[in-house]
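S.K.:
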Amino acid sequence: MAEYTIKVRRYQPDGEDVPRGPYWQEFEVELDPTLSVLDGLLQARDRDDGSLAVRCSCRAAICGSCGVKVNGQSTLACLTQIGEAHERANRMNGNGEVTGGDSEQGELSPAGGNPIVIEPMGNMPVLKDLVVDMESTHWEKMRRVTPWLLDDGDPPERERIVEPEAMVDITQTIACIQCGACVSACLSMEADPDFIGPAALAKAYRFVGDPRDVETRERLYDLAQDPHGIYDCTHCFSCVDACPKGVAPMDQIMRLRRAAGEEKINDRNNGHRHEIAFTKIIRKKGTLDEAELLQESYAAGVGGKLKPSKRAIVGLAQSMPTAVRGIKSGKMRSIPKLIPGVHHKLPGDAQEHVQRIYEHAEEHKTELNLYITGEEEILENAQGDEPPEAAETGAPDDRMGGGAGSLPRTDLVGGGAPGTQATDGVPTDRTELVDEGGARPTDQADREDEER
Ligand code: FES
52 MAEYTIKVRR YQPDGEDVPR GPYWQEFEVE LDPTLSVLDG LLQARDRDDG SLAVRCSCRA
112 AICGSCGVKV NGQSTLACLT QIGEAHERAN RMNGNGEVTG GDSEQGELSP AGGNPIVIEP
172 MGNMPVLKDL VVDMESTHWE KMRRVTPWLL DDGDPPERER IVEPEAMVDI TQTIACIQCG
232 ACVSACLSME ADPDFIGPAA LAKAYRFVGD PRDVETRERL YDLAQDPHGI YDCTHCFSCV
292 DACPKGVAPM DQIMRLRRAA GEEKINDRNN GHRHEIAFTK IIRKKGTLDE AELLQESYAA
352 GVGGKLKPSK RAIVGLAQSM PTAVRGIKSG KMRSIPKLIP GVHHKLPGDA QEHVQRIYEH
412 AEEHKTELNL YITGEEEILE NAQGDEPPEA AETGAPDDRM GGGAGSLPRT DLVGGGAPGT
472 QATDGVPTDR TELVDEGGAR PTDQADREDE ER
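All residue numbers for the sequence shown refer to the working numbering, where the first residue is 52 and numbers rise by one.
1) Ignoring anything shorter than 3 residues, give me the beta strand (DSSP E) runs that lie fully in the stretch 86-136, in order along the chain.
2) Please return the same chain residues whose Cβ sits closer than 6 Å to the Cβ of F78, not counting the five positions on each side in sequence.
3) Listed in chain order, which residues are found with a beta carbon closer than 7 Å to a heavy atom of the ligand FES?
4) Around the C-beta of A140, are 16 or more other C-beta atoms found within 10 angstroms, so that it is buried, or is it exposed?
5) Comparing C-alpha positions only, which one of M52, R334, K396 and P73 sits nearest to R61?
6) From the DSSP output, in three-state form, read off P171 for me.
7) Quick check on L344: does DSSP put it in helix, strand or coil?
8) Report the three-state DSSP secondary structure of P439 (helix, strand or coil).
9) Taking only three categories from DSSP, how would you classify G52?
10) Would you mind sorting Y256 into buried or exposed? The rule is 16 or more other CB atoms within 10 Å of its CB.
11) The beta strand (DSSP E) spanning Q76 covers which residue range?
12) Please classify P300 as buried or exposed, where buried requires at least 16 other C-beta atoms within 10 Å of its C-beta.
13) Looking at N320 and D283, is the spacing between their C-beta atoms short of 9 Å?
14) Based on DSSP bridge pairs, tell me the residues matched to R60.
15) Quick one: what's got a C-beta closer than 7 Å to V183's C-beta in the same chain, skipping five residues either side?
16) Where does V177 sit, in a helix, a strand or coil, going by DSSP?
17) Would R407 be called buried (16 or more neighbouring beta carbons within 10 Å of its own) or exposed?
18) Any idea what DSSP makes of Q495, helix, strand or coil?
19) Can you confirm whether the stretch 395-405 touches the stretch 325-338 when touching is taken to mean that 3 or more C-beta pairs between the two stretches lie within less than 8 Å?
20) For my contact list, F246 and H286 are in at a C-beta cut-off of 8 Å; report their separation, rounded to the angstrom.
21) Taking only the alpha-carbon atoms, compute the straight-line gap between W199 and K254 and give it to the nearest angstrom.
Okay, here's the thing in C-alpha cells:
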C-alpha cells in the first residue's frame, strides 16, 4: 500500500454549500500502486466525499465511461495505474509539462510529492465534477456521420459474406469504445468546436472502408466538402496519443482523405489540392516552400507561373490573413520565403534521400493497420496461404481490451484455411459485422436464434 494525493478539478452546477463553478480539491488515498486512478477516485468518494461525481462502469477499459484527464493527458481512469500516474506527476513542473523529456526519462521534481491531477475531459461541457456532457458534442457528431451500414436494401437470404482481408482495413476503427478521449485531446476541435472530430471521423471510416456499404462516394463527398470535415484535421497526433485502444483516429482521417482523393473529389476547402501540392513540393525540394505551397494549392500545374482561376483568386485572398499570421508568429520567418523561386536547397545529397523515401513509399504503398503493423512479411502472409506469425500467437495488441468489437488479430488477418477458428471462436472466413455490438459467431447466432 502507498499513499497518494489526488487533486481533482471539481464543478458543482447548483451547489449551495460550495461555490458555483470550478474549484480544486485534494484527497489522500491509500492504494496498491498497481491499482488504478479510478480506484483512487472511488476510494476518495467512499471515504471523504460522497458528492464527488465520477462516471464508470466496467473498471476494465471496456465500457469507455471513465474518460478523464490525468496529469493533463486524456485517458481512461481505470486504465491508468495510480503508481505510474504518481511517477508522472512527480516529473512535471508547475506548468504541467514533463521535465527533461518524456514521462519515462523526465527528472523527478525536487519535492517529489506532486499530487496526481485529475480533470474532466476537454472539449465537452462539464455537468458535474468529472462527468462531462458527451451527448452535446461526442454523440451529436457521431450521428452526423451516419454511423450505420447503408446497404443496397436487398437483404440476403442468410448473410453477406465478406472476405477477411476486406475487413482488416476497418478492424482498427471497430476497436473504438467511444470513451471520448480523442475528442477531449483534439486540438483542432479546441480551435473549431464544429470540427466533426476524431472519434466520429474514425467511425465514418469504419463504414467507408466496409465493402458492403453502398454510399461510399456520398459519404466521402459529404465529409470532404464540409468545412469542418476531414480537411479540418491538423495532424497534431493528440488523438493518437490519447486513444486507449490504439484506434489512431488521425490515421483513419488520413485514410478518408486518401479515399476522397481516389474518388477525385474536388473539395471546396481546397484540402485535396493542398495535400497534392504539399507532397509535390517536398518531393521536389525536400523541405516545404511556403510560397509555392500557396500557388500550387490554388493554381496547380501552372509550372511557376501564377495563373489562378477565379476560385483560386478568392482562395488566395482568403488565405492572406493566415499568411500574415504565419509571418507574425514566426512560422514563415522571412519575407523571401513568400517569394516564389526563393527557397534554400538541401545540403549534399539530402534531396536524393528524400526522393528515395518517396520511391520506397510508392513501392510499398499497401497500408498496414494496427493488427498487421510494420512487417511486410506479415502482410504477405496475411494475403497468402500461411497464417502470419503474429496471428499464430493469438495475442491482441496490449492496448486492446475485451470490449465490443476489439477483435484479436487472428480474427481478421489470417489467410488461413476457411473455417479457421479464432481464439474467440469467430470463423475467419465468415465475418459479418453489421452491428457494432461486436461480432457474434454466425453459427452461434443461429443456435441462439433457434433456441429462442
Ligand atoms: Fe473505465 Fe469502463 S470504467 S472503461
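Cβ coordinates follow ideal geometry from the N, Cα and C atoms, glycine included.
M.R.: Looking at the atomic coordinates:
1) 118-121 and 124-127
2) I57, A95 and D99
3) L89, C107, S108, C109, R110, A111, A112, I113, C114, G115, S116, C117, L127, A128, C129, L130, I228 and C230
4) buried
5) P73
6) coil
7) helix
8) Only weak support exists for where P439 lies, its pLDDT of 41 falling under 50; the value from the coordinates is given anyway. Coil.
9) Position check: residue 52 holds Met in this sequence, whereas Gly was assumed. Correct three-state label for M52: coil.
10) buried
11) G72 to L82
12) buried
13) yes
14) W75
15) P171, M172, M175, P176 and V177
16) strand
17) exposed
18) Because the pLDDT at Q495 is just 44, under 50, the model does not fix this residue reliably, and the value given afterwards should be weighed accordingly. DSSP places Q495 in helix when its eight states are reduced to three.
19) yes
20) Going by Cβ atoms, the distance from F246 to H286 rounds to 13 Å, so no, they are not a contact pair.
21) 9 Å
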